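In order, the protein sequences belong to chains L and D. The numbering of the first sequence is our numbering, which starts it at 21 and goes up by one. The numbering of the second sequence is our numbering, which starts it at 6 and goes up by one. Ideal Cβ placement from N, Cα and C applies to all residues, glycine included. All values reported here derive from a predicted model rather than from experimental measurement.
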Amino acid sequence: SPAAASGLSPQESALLRSLGLSHKPSPKSPAPVPPVLWRIFHKRRTLPGPQAELESCRVEELNVPGSIVRVFADQGRFLPEGQPQGRLCLRKLLFFNLSALEEGERLTMAQLELRFHHSSYHGPSPGQVLELRLYRASPRGLPRPGRGPLLERSFVQLRKSLLFDLSAALKAGEAPARNLALLLEISASGGPGSPRSLCGASDAFAATSLLLVTLGRQCGAARSRR
Amino acid sequence: SAPSPPVTPSPLCKPRRLYISFSDVGWENWIIAPQGYLANYCGGECPFPLAAELNSTNHAVLQTMVHSLDPQGTPQPCCVPVRLSPISILYYDNSDNVVLRHYEDMVVDECGCR
């Protein structure tokens with residue numbers, strides 16, 4: 021049987037399946053748990069039984085419907101700037117493998133987080149502006165032709181963590197694709213010195229992750245019952 | 006693992022303590038939290054005429070009465086969970102993503118005769 025082939029007892033296989041898992045995970049490079057997930061987890065543990073039941077299909081902390089919160093690590097890579105303007109400081113393919121999402125799950129929130137090593141960068145200096153653009157891309161990092169950026173931001177102050185709501189871009193409510201590829205560009209302008217010297221912020225770039233909130237099938241059934 | 010039962014266990018239908026330890030089942034390397042939780046289970050009798058006080062349906066009360074008259078022919082009602090509550094589990098999935106998932110009906114809060 022498939023269970024025997026995977027070295028699991030039939031009971032363990034059945035239990036994992038009931039928890040929505042096809043086989044037993046064996047994390048190879050476990051990422052640290054994002055603080056927001058700890059907060060949601062501990063808050064739910066303090067709820068009394070009946071209230072926990074009521075909120076089983078809602079994530080109060082993020083104020084959206086949902087029964088599963090996942091944080092996907094970026095599996096992309098840095099790309100050569102290749103821009104004639106020379107103002108581009110960083111060009112990176114962000115690639116998220118969303119194959120863990122199950123059929124019947126409905127997306128209710130998508131949030132991208134960019135984290136910077138804040139301690140190594142104290143700019144931008146007065147008059148300097150950082151511009152950030154995010155495009156939908158092919159898995160190889162090529163921007164979709166004829167498409168403007170998904171979002172465009174300018175910063176005169178850089179924080180340790182930048183959050184971007186991509187729910188609209190990923191059409192919340194629909195089943196997301198099996199993967200998501202985005203092209204991130206950071207450029208700098210204004211202020212004294214050459215554009216290159218303005219790129220300290222991108223050197224402070226640390227990591228990025230994608231948080232998705234979905235409604236599992238169990239919530240759909242509850243909804244129809246209600 | 007089931008902690009040692011109390012000295013004089015009540016024979017009536019009620020929740021019994023059952024603690025599920027994820028390390029006991031060898032899941033501690035992918036389940037981040039909790040380490041385990043109190044799942045409980047239902048156990049005990051549904052005797053006539055007490056069944057009426059034991060969260061029972063009318064049918065279960067009838068069945069206990071018939072059982073008291075014809076024990077061989079009609080069994081007692083079953084002592085089963087009638088109210089359960091969910092828990093959340095924080096774990097790494099098969100792609101090393103961090104997942105917080107809500108699972109319904111994981112803790113037995115109340116038992117009844119059915």
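Proximity winner among L:Gln-177, L:Ser-33, L:Val-53, L:Leu-171, relative to L:Ala-189 (alpha-carbon distances): Taking the Cα of L:Ala-189 as reference, the smallest distance to any Cα among L:Gln-177, L:Ser-33, L:Val-53, L:Leu-171 is reached at L:Leu-171.
Under the three-state DSSP convention, the category D:Ala-65 falls into: Of the three classes helix, strand and coil, the one that applies to D:Ala-65 here is helix, per DSSP.
Where D:Asn-60 falls, given that 16 or more other Cβ within 10 Å makes a residue buried: With 16 or more other Cβ atoms within 10 Å, it is buried.
Short Cβ contact (7 angstroms threshold) for L:Phe-175 with D:Leu-95: No; because the gap between Cβ atoms is not below 7 angstroms, this pair is not in contact.
Given 8 angstroms, three or more beta-carbon pairs between the region 36-54 of chain L and the region 68-75 of chain L: The answer is no - the region 68-75 of chain L does not touch the region 36-54 of chain L, with fewer than three Cβ pairs under 8 angstroms.
Outcome for L:Leu-200 when other beta-carbon atoms lying within 10 angstroms are tallied against a minimum of 16: Residue environment for L:Leu-200: buried (at least 16 other C-beta atoms within 10 angstroms of its C-beta).
For L:Asp-91, the three-state DSSP class (helix, strand or coil): First, the amino acid is wrong: residue 91 of chain L is Val here, not Asp. Correct three-state label for L:Val-91: strand.
Residue range of the beta strand (DSSP E) that includes D:Val-113: Run containing D:Val-113: 103-118, per the beta strand (DSSP E) assignment.
Alpha carbon of D:Gly-41 to alpha carbon of D:Leu-23, nearest angstrom: So the alpha carbons of these two residues sit roughly 11 angstroms apart.
Rounded straight-line distance, which links the Cα of L:Leu-114 to that of L:Ser-140: Unreliable positioning characterises L:Ser-140 in this predicted model, as indicated by a pLDDT of 47, which lies under 50. The coordinate reading is nonetheless provided below. The C-alpha of L:Ser-140 lies about 23 angstroms from the C-alpha of L:Leu-114.
Closest by C-alpha distance to L:Ser-207, when choosing among L:Val-84, L:Val-149, L:Ser-46: Per the Cα distances, L:Val-149.
Chain L residues whose Cβ lies nearer than 7 angstroms to that of D:Tyr-97: Ordered by position in chain L, the residues that pass the 7 angstroms Cβ test against D:Tyr-97 are Pro-45, Pro-47, Pro-50.
Residues near D:Cys-83 by beta carbon distance below 8 angstroms, same chain, minus five either side: Same-chain partners within the cutoff: Cys-51, Cys-118, Arg-119.
Proximity test, Cβ basis, 7 angstroms: L:Gln-95 and chain D: Taking Cβ atoms only, chain D never reaches closer than 7 angstroms to L:Gln-95, which makes this a no.
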